[in-house]
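A.B. asks:
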Amino acid sequence: MANVSPRGRKPRIRKAAPTVREKIESGSTEQPKAKSKVKTGFSSIFWPFKLMWRVLARIFRPLSPVGRLLKKVFRWMVPRYFINAWKELKLVTWPNRSETWKLTSAVFVFALVFGILVTVVDLGLDQIFKRFILK
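Counting the sequence shown from 1 gives a position; the working numbering is that position plus 1131.
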């Protein structure tokens, strides 16, 4: 019972990968599988754009010193605030689709509850005003 964790499960024991000598001695001649040449999913859709990007990169590579010069001029002309704001935006981790839906529904529920609360308070104050002040 010494190997049992507090949750009641046995701890996982990871086996070390066999060395080349151990593979040879055991007689295992298993070859790694070759990658498939068939493109699937989004990669099959975007391969022309990747090819075009490689060609354009080769064409414009000699212009990279001009690009570095333009970058320096741009940094000199643009206020530091905008550069720092852009860097900060790059650090933002945006929510995925399910988190976005959860947050959106939370906003709608809050807006609905708050609207009902404001309506009830408004009607209550309206009744009090009509009953006591306009009598």
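The beta-carbon is built from N, C-alpha and C at its ideal position, and this holds for glycine as well.
1. In this structure, does DSSP put GLY1255 in helix, strand or coil?
2. Using only the alpha-carbon positions, how far apart do LYS1233 and ILE1247 sit?
3. Could you tell me the distance, in whole angstroms, from the CA atom of VAL1186 to the CA atom of ALA1148?
4. When DSSP labels each residue in this structure, what does LYS1196 get in the three-state scheme?
5. 8 Å is my cut-off, CB to CB: does PHE1205 come that close to chain E?
C.D. replies: Reading from the atomic positions:
1. Annotated three-state conformation of GLY1255 is helix, per DSSP.
2. In this model, LYS1233 and ILE1247 are separated by some 21 Å (Cα to Cα).
3. Distance between the alpha carbons of VAL1186 and ALA1148: 41 Å.
4. Sequence check: residue 1196 is Pro here, not Lys. Looking at PRO1196 - three-state DSSP - the assignment turns out to be helix.
5. Absent from the structure is chain E; it holds one protein chain and no more.
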